[in-house]
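Numbering that gives the first Met the number 0 puts the first residue of the sequence shown at 0, with every later residue one more than the last.
A virtual CB, placed ideally from N, CA and C, is assigned to each residue, including glycine.
Heads up, the thing below is written out as structure tokens.
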Amino acid sequence: MKKIVLTLIFAAVLITISSAQQIETKKVFGGYQYTQNGDRMTMGDLVKVMESNSEALAHMKKAKSNNVLASILGGAGGALIGFPIGTAIGGGEANWALAGIGSGLVIIGIPISSNVNKNAKKAVELYNASLNNTAQNYFNPEFKIIGNRNGIGLSMNF
């Protein structure tokens, strides 16, 4: 009886572990939010988690490096736009050429940010698909009822 209970507990733990590692994607303003087991994940966390899947890892590394570039361009562009606006509000002479350069940086950063979202989403899809395939391919238990001179029992083979 103890063996049956232990076998069923072991099977339940394996099923729980295999399904609990999926990464959920939620659309938010400006991109996507990624969570695993209810915890929000950063780009660095996603790269660490996806080390087991080389194809997903390649997409995620590309997304992470492009995310850094898009953040730098967007931040610098926003500062260059905001400085002349602040000067104008304060009553000074605004240098609108800086605002134009800042606008150009922001416009360059938008498609890069879009590619970040596409690559990250693709990486998560590949990672989740590999988890589903792994769980289905490697954990296919067979349950059999067996009987011998010691009694009747349940056998699980995988």
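Per DSSP, the unbroken beta strand (DSSP E) holding S154 starts and ends at G150 to N156.
Positions of the beta strand (DSSP E) runs, each at least 3 residues long and wholly inside the region 16-85, are given as 22-27, 30-35 and 38-40 in order along the chain.
By the Cβ criterion, the region 40-49 is not in contact with the region 68-81, since fewer than three pairs of Cβ atoms, one from each stretch, lie closer than 8 Å. According to the DSSP secondary-structure assignment, N116 is paired through a beta bridge with no residue.
In the three-state scheme derived from DSSP, where H, G and I count as helix and E and B as strand, G91 is classed as coil. Of I107, N149, G29 and G152, the smallest CA-CA separation from K117 is found for G29. When the Cα atoms are used, N52 and S154 turn out to be separated by approximately 33 Å. According to DSSP, residue pairing for N147 in a beta bridge involves G150. The C-beta separation of A122 from M59 comes to about 4 Å, placing the pair in contact by the 8 Å criterion.
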